[in-house]
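Chains as they are written, first to last, in this note's numbering: chain A, 1 to 115; chain B, 1001 to 1109.
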């Protein structure tokens, strides 16, 4: 069964460093998302991406974040200058259609630890 | 997105049915009711969704009240593997899901 994959599974970085989290969505999917979950808290929506541009973003997704689909398979989340509070699980998701009755498929997540 | 209300936690015994309630009194006519779950140390996983009619799939059933202000996720025969946090989410478009705190389902052997 097709699945969303994410790399790395765990990333440790120093405060102020740039990180790139990578995702490979399901191949025929058109809509891509990033979410984060700080330890012990809710899953929070960051950004959605469709047709090579951001469709929606939350208040969390400020100027230090960016997303890119550099080729036909990868979808990346870049954090330019990491802060301690960026430590969280980051989940990528994708969906096949651009409609509200469509399910989102989530990856296993990348645990980001900022020291 | 409209708000949903779920119990913080529920407990059930293995191999018994589980009914997880969700209230969404401010649901709009175009909102779909989605259920996702998150097993320990994993990403969220889609369970089921519906609009007005009750729905069944291989994982669960979804019972939707006639006025659509509440719904119930039904696991017909819970297993230990069903222990997870279950989220009831209203989706009015194709954009990001708004997760609440969900219901932490505990399954006793």
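Built from N, CA and C at the ideal position, the CB exists for glycine as well.
7 Å Cβ cut-off: residues of chain B touching residue i
| i | result |
| --- | --- |
| residue 108 of chain A | 1042, 1043 |
Chain-ordered chain B contacts of residue i [CB-CB under 8 Å]
| i | result |
| --- | --- |
| residue 102 of chain A | 1094 |
| residue 99 of chain A | 1094 |
Supposed contact pair residue j and residue i - C-beta distance, whole angstroms, cut 8 Å
| i | j | result |
| --- | --- | --- |
| residue 1103 of chain B | residue 1008 of chain B | 7 Å |
| residue 1100 of chain B | residue 1028 of chain B | Not a contact, Cβ separation roughly 17 Å. |
| residue 1023 of chain B | residue 1069 of chain B | 7 Å |
| residue 13 of chain A | residue 76 of chain A | Not really, about 15 Å apart at Cβ, beyond 8 Å. |
| residue 1090 of chain B | residue 1004 of chain B | 6 Å |
| residue 110 of chain A | residue 37 of chain A | Actually they are not in contact, since the Cβ atoms of residue 110 of chain A and residue 37 of chain A sit about 11 Å apart, beyond 8 Å. |
| residue 1021 of chain B | residue 1072 of chain B | 5 Å |
| residue 15 of chain A | residue 112 of chain A | Wrong, their Cβ atoms sit about 12 Å apart, outside the cutoff. |
Residue j beta carbon less than 8 Å from that of residue i
| i | j | result |
| --- | --- | --- |
| residue 1086 of chain B | residue 104 of chain A | no |
| residue 4 of chain A | residue 95 of chain A | no |
| residue 48 of chain A | residue 55 of chain A | yes |
| residue 1082 of chain B | residue 1048 of chain B | no |
| residue 46 of chain A | residue 60 of chain A | yes |
| residue 101 of chain A | residue 1032 of chain B | yes |
| residue 40 of chain A | residue 1043 of chain B | no |
| residue 1094 of chain B | residue 1018 of chain B | no |
| residue 43 of chain A | residue 35 of chain A | yes |
| residue 78 of chain A | residue 20 of chain A | yes |
C-alpha distance - residue i paired with residue j, whole-angstrom precision
| i | j | result |
| --- | --- | --- |
| residue 1105 of chain B | residue 1015 of chain B | 14 Å |
| residue 1062 of chain B | residue 33 of chain A | 25 Å |
| residue 1074 of chain B | residue 63 of chain A | 42 Å |
| residue 1040 of chain B | residue 9 of chain A | 15 Å |
| residue 1065 of chain B | residue 1050 of chain B | 11 Å |
| residue 31 of chain A | residue 1080 of chain B | 33 Å |
| residue 29 of chain A | residue 1060 of chain B | 24 Å |
| residue 89 of chain A | residue 73 of chain A | 22 Å |
| residue 86 of chain A | residue 114 of chain A | 7 Å |
Where residue i meets chain A, residues with beta-carbon distance less than 9 Å
| i | result |
| --- | --- |
| residue 1004 of chain B | What residue 1004 of chain B touches in chain A: nothing, since even the nearest Cβ is about 12 Å away. |
Chain-ordered neighbours of residue i on chain A, where CB pairs are closer than 7 Å
| i | result |
| --- | --- |
| residue 1079 of chain B | None at all; the shortest Cβ gap to chain A is about 20 Å. |
Per-residue contacts from residue i into chain B (C-beta, under 9 Å)
| i | result |
| --- | --- |
| residue 75 of chain A | Within chain B, no residue comes near residue 75 of chain A; the closest Cβ sits about 15 Å away, beyond 9 Å. |
Contacts of residue i in chain A (Cβ-Cβ under 8 Å)
| i | result |
| --- | --- |
| residue 1098 of chain B | 45 |
If contact means a Cβ-Cβ distance below 8 Å, which residues of the segment 23-46 of chain A contact chain B?
Within the segment 23-46 of chain A, the residues whose Cβ lies closer than 8 Å to any Cβ of chain B are, in chain order, 31, 33, 35, 42, 43, 44, 45, 46.
What residues from the segment 45-65 of chain A come within 9 Å of chain B, judged by C-beta to C-beta, listed N to C?
For the segment 45-65 of chain A, the residues whose beta carbon sits under 9 Å from a beta carbon of chain B are, in order, 45, 46, 47, 48, 50, 55, 56, 57, 58.
Residues of the segment 1042-1071 of chain B with a CB closer than 8 Å to any CB of chain A: list them in chain order, please.
Going along the segment 1042-1071 of chain B in chain order, one finds 1042, 1043, 1044, 1045, 1046, 1049, 1051 with a Cβ nearer than 8 Å to chain A.
Tell me which residues of the segment 83-97 of chain A have at least one Cβ-Cβ distance to chain B shorter than 9 Å, keeping chain order.
For the segment 83-97 of chain A, which is checked against every Cβ of chain B, the residues closer than 9 Å are 89, 91, 92, 93, 95, 97.
Members of the segment 1015-1032 of chain B that neighbour chain A once the beta carbon cut-off is set at 9 Å:
Residues are counted here when their Cβ sits less than 9 Å from a Cβ of chain A; for the segment 1015-1032 of chain B these are 1030, 1031, 1032, given in chain order.
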